[in-house]
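Residue numbers (our numbering), protein chains in the order written: chain D, 3 to 374; chain L, 3 to 374.
Where a beta carbon is used, it is the ideal one built from N, C-alpha and C, also for glycine.
Keep in mind that this is a model prediction, so the values were computed, not measured.
Data block below; observations after.
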């Protein structure tokens, strides 16, 4: 018999009786989805049915439940795993997932980050210090513009040249034309300046084109790929992480995932969504909105994400948290203090004030971070 | 120059000035994602940059903004369209999308429901009256069990035999073995009893297997497919809707989508998520948690969903709302009054009390609904 995976939730309930009943309800909802007296005896009742392991009181009206599930219920695959973790129960008010422990059996069945912190550092040749990743934008400009900006970023000392998550199939710069042009520019500038900057195009296209687009990016010599699991599904992240032939590092972007964390009583804790689940899906770098930027994440929430990305107790190898927004040369020292060295700092739109001097702006950021 | 698509949001702001600034911020965030003074003049500024069309006061501290976007920004594809509608802005507190108007150009580029209400009625031979769809479960049982239950459902008068969204790749009933067995049982019972019940297996598998699994379901003579866009992405729904060779009706299931509607100030309005967006992605039937079931949707929220599914003013042809949970022979008359005839009523786990008499239970529901 295999070990079970465990999901910890914070639930609202008036008293111990209601908390226990809610926990039993969740255990049923996420597996057999039938009334308790209809559950067939034997294998379904003994193994498949979710099991309430413990219910404890956290405070007035707030309880914590740990529910365990059979790896069999998830069938060895990340999408169905997340369906058991939080499919229908995501629709319940006052229920937030605060931890996921895949256990040995499920952990072995799920993908793992292929590169992690050590692998990304090796690929871009940055042994120490924070990594910096300027972002190519805005949408609506031609491939030559992005190629030129990308070369400037490499020259200035970027570790990763990331495409904005909004660059997709715009007619001014279709995916393949753009990826080919930027990859070539990055490779040439790497050769010229003796650098190893990695170019991460933003995955886009129709569902049926994703496989070919990934292959195209690989053959064009992209150094990794940016994926929005909120729109493409975590199964797409897992697909890339598992594909040994492709062997592309994955950076996940939080677009469309906001509602999972914004309301304190629903969804997932920040660290669970932007740390734990990203590792379970096989991401190497997890982008999230930085404190002090245009979004409202607190310093504590950002720290929770960074911790979940990097804890040695997590699934697979530690991965890189990547705070986006609100980064500047002036804030570099603070950011280094907050996140330490093992982080990818996204550099946003203010760099683009003078596109032809972006190399200098990136170099200033590099210096500020190293001096910090 | 093409017409723009329009996104209506409800935003929190202290006064008119803050509301206008927030709206401008969203228009930028969702497109160029750079400070206003860095936006390149010409095409990007004139076309690509989101445009605030109007900001009106709804009540104390609550405003409505209508923002328009160039179809070019979405590149003619549902995933990037949703990214422009709500990618990064999904991470902002106090911002809820309440309406989406794709406009002519974007509307023509997006998929459309292939079957809609009329098509589904034609396929299952039910000209009038509500449609009923018992659900095959629980996970953990073998294919022969599901085949036997499915045959009973057909005999009892089911229009659609739907698989539970939790049936995936469990080792007791792997996707292909199960789909083949159930499809055969449904076809045989249809032939025997002169019915046209449609079998909707639940799409599952790794991302790279989805195309083959869809093809397998089609060849096995499935009558449609159930998809969870919250886990597989709306691009997967669009992929099926567009595939003329496959030509499979799509029923979408709300698993993992809960947080998008649960908090009143974030995410989407119920009708927008479970009606408008489903049609834009090409779904024919949209499942949502019924009022009075295990989830907390109100009657007004359910009515909003049904209206968005069926309004003739919507994208493509009207589709079938499918309330799940809380259905019983006793409630049939109420449900018919509430939803009218053009709905698919899911029949839940209580039917499974006596699996070998499920035909009688389904027939009772059919009678109750027709008498209602």
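Extent of the continuous alpha helix (DSSP H) to which residue i belongs
i, result
"residue 138 of chain D", "It is not in any alpha helix (DSSP H) - residue 138 of chain D instead sits in the beta strand (DSSP E) that spans 133-138."
"residue 237 of chain L", "236-244"
"residue 217 of chain D", "212-221"
"residue 81 of chain L", "80-88"
"residue 66 of chain L", "Looking at the DSSP string, residue 66 of chain L is not in any alpha helix (DSSP H); the run it does join, the beta strand (DSSP E), is 64-71."
"residue 154 of chain L", "145-158"
"residue 307 of chain D", "301-312"
"residue 263 of chain D", "261-264"
"residue 364 of chain L", "360-373"
"residue 319 of chain D", "From DSSP, residue 319 of chain D is part of no alpha helix (DSSP H); its letter is neither H nor E."
"residue 342 of chain D", "Looking at the DSSP string, residue 342 of chain D is not in any alpha helix (DSSP H), and its letter there is neither H nor E."
"residue 119 of chain D", "118-126"
Closer than 8 angstroms to chain D by CB, residue i
i, result
"residue 371 of chain L", "no"
"residue 108 of chain L", "no"
"residue 217 of chain L", "no"
"residue 347 of chain L", "no"
"residue 179 of chain L", "no"
"residue 18 of chain L", "no"
"residue 24 of chain L", "no"
"residue 1 of chain L", "The structure shown has nothing for residue 1 of chain L, since chain L only spans 3 to 374."
"residue 317 of chain L", "no"
"residue 1 of chain L", "Since the displayed chain L opens at 3 and closes at 374, residue 1 of chain L lies outside it and no answer follows."
"residue 78 of chain L", "yes"
"residue 280 of chain L", "no"
"residue 292 of chain L", "no"
Residue environment, residue i, which counts as buried when at least 16 other CB atoms sit within 10 Å
i, result
"residue 280 of chain L", "buried"
"residue 179 of chain L", "exposed"
"residue 74 of chain L", "buried"
"residue 284 of chain D", "buried"
"residue 298 of chain D", "exposed"
"residue 369 of chain D", "exposed"
"residue 35 of chain D", "buried"
"residue 266 of chain L", "exposed"
"residue 3 of chain L", "In this predicted model, residue 3 of chain L has a pLDDT of only 49, less than 50, meaning its place in the structure is not dependable enough to derive any value."
"residue 104 of chain L", "buried"
"residue 49 of chain L", "buried"
"residue 433 of chain L", "In this structure chain L extends from 3 to 374, so residue 433 of chain L is not present and cannot be described."
"residue 152 of chain D", "buried"
"residue 8 of chain D", "buried"
"residue 256 of chain D", "buried"
"residue 198 of chain D", "exposed"
CB contact below 8 angstroms: residue i versus chain L
i, result
"residue 257 of chain D", "yes"
"residue 58 of chain D", "no"
"residue 230 of chain D", "yes"
"residue 308 of chain D", "no"
"residue 3 of chain D", "Because residue 3 of chain D sits at a pLDDT of 49, beneath the cut-off of 50, its placement in the model cannot be relied upon, and the following sentence gives the value as read from the coordinates. Cβ-Cβ to chain L under 8 angstroms: no for residue 3 of chain D."
"residue 234 of chain D", "yes"
"residue 50 of chain D", "yes"
"residue 143 of chain D", "yes"
"residue 206 of chain D", "yes"
"residue 173 of chain D", "yes"
"residue 7 of chain D", "no"
"residue 139 of chain D", "yes"
"residue 45 of chain D", "yes"
"residue 360 of chain D", "no"
"residue 63 of chain D", "no"
"residue 272 of chain D", "no"
"residue 192 of chain D", "no"
Beta bridge counterpart(s) of residue i as assigned by DSSP
i, result
"residue 326 of chain L", "L:291"
"residue 101 of chain L", "L:10"
"residue 200 of chain L", "L:162"
"residue 276 of chain D", "Answer is none; residue 276 of chain D lacks a bridge partner."
"residue 270 of chain L", "L:99"
Enclosing beta strand (DSSP E) for residue i [first to last residue]
i, result
"residue 347 of chain L", "346-349"
"residue 107 of chain L", "Element bounds for residue 107 of chain L: not the beta strand (DSSP E) but the alpha helix (DSSP H), 105-111."
"residue 181 of chain L", "Counting along the chain, residue 181 of chain L falls outside any beta strand (DSSP E), though it belongs to the alpha helix (DSSP H) covering 177-195."
"residue 27 of chain L", "Where residue 27 of chain L is concerned, there is no enclosing beta strand (DSSP E), although the alpha helix (DSSP H) it sits in stretches over 18-31."
"residue 53 of chain L", "53-61"
"residue 254 of chain D", "252-254"
"residue 228 of chain L", "227-229"
Checklist entry - Contact between the segment 159-170 of chain D and the segment 81-101 of chain D: three or more CB pairs below 8 angstroms? => result no
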